[in-house]
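In the UniProt record's numbering, the protein residues as written are 1 to 229. Just so it is clear, CB atoms sit at the ideal spot from N, CA and C, and this is done for glycine as well. None of these values were measured; they are calculated from a predicted model.
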């Protein structure tokens, strides 16, 4: 049964989430702040994290950023009273997978957790596909790893899925909405194009020699994005 890490400085919220999520059969671990959460991730296997933004010691934004930098690829659902689009984009930029505002319906939280875990299980279905070579990049989908000049790239789950999509279809142009629906596996609504733009920016930082002058991950103005060998 999946293990969930609930990170919130409010005990009442942790207790509410524990009640609903344990009723669904999940094992629950709790942390009061980001430092406790990172210590837990370093010592125990966790399948998904529910992470508050406004916390003492270390806030949610810096916590998810540190978790991704440490190589943790588990899905992260951010819980916060912040509702502005820029706050949502900031959370996605740092590596969150989904975002829900407070006050929330606990049943919606349960549904979103199930959706995140379902996507993870789909992403990790083993395949027998051989390696795909595109320019300096080598994609090994069965191992969920992408190399550039034989050096593995440190990618988040969404970064991997997006780059793998491009490498499986070199030179094909994908619109922002198409990328969002394929990578997030959700209908492209509202700020979908902003989320994709942030993801592309993060990918360029990791795969391009000069991110501001991308050689491989190119923008086709007014249409979308593509990868050139």
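According to DSSP, is residue i helix, strand or coil?
i: residue 15; result: helix
i: residue 115; result: helix
i: residue 155; result: coil
i: residue 102; result: coil
i: residue 51; result: strand
i: residue 81; result: coil
i: residue 181; result: helix
In chain order, what residues of the same chain lie with their CB nearer than 7 Å to the CB of residue i, ignoring the 5 residues before and after it?
i: residue 196; result: 176, 179, 180
i: residue 140; result: 131
i: residue 102; result: 79, 80, 81
Tell me whether the beta-carbon of residue i lies closer than 9 Å to the beta-carbon of residue j.
i: residue 28; j: residue 13; result: no
i: residue 49; j: residue 17; result: no
i: residue 35; j: residue 58; result: yes
i: residue 117; j: residue 45; result: no
For residue i, tell me which candidate among the options has the shortest Cα-Cα distance.
i: residue 201; options: 105, 168, 163; result: 163
i: residue 9; options: 19, 31, 156; result: 31
i: residue 171; options: 75, 215, 203; result: 215
i: residue 204; options: 227, 60, 42, 11; result: 227
i: residue 53; options: 47, 98, 15, 41; result: 98
i: residue 23; options: 65, 109, 217; result: 109
My understanding is that residue i touches residue j, with C-beta atoms under 8 Å, so please give their C-beta distance in whole angstroms.
i: residue 158; j: residue 183; result: 6 Å
i: residue 4; j: residue 21; result: 6 Å
i: residue 77; j: residue 120; result: Their Cβ separation, rounded to whole angstroms, is 12 Å, which puts residue 77 and residue 120 out of contact at 8 Å.
Please decide whether residue i counts as near chain C, where near means a Cβ-Cβ distance under 9 Å.
i: residue 28; result: Included in the structure is just one protein chain, with no chain C present.
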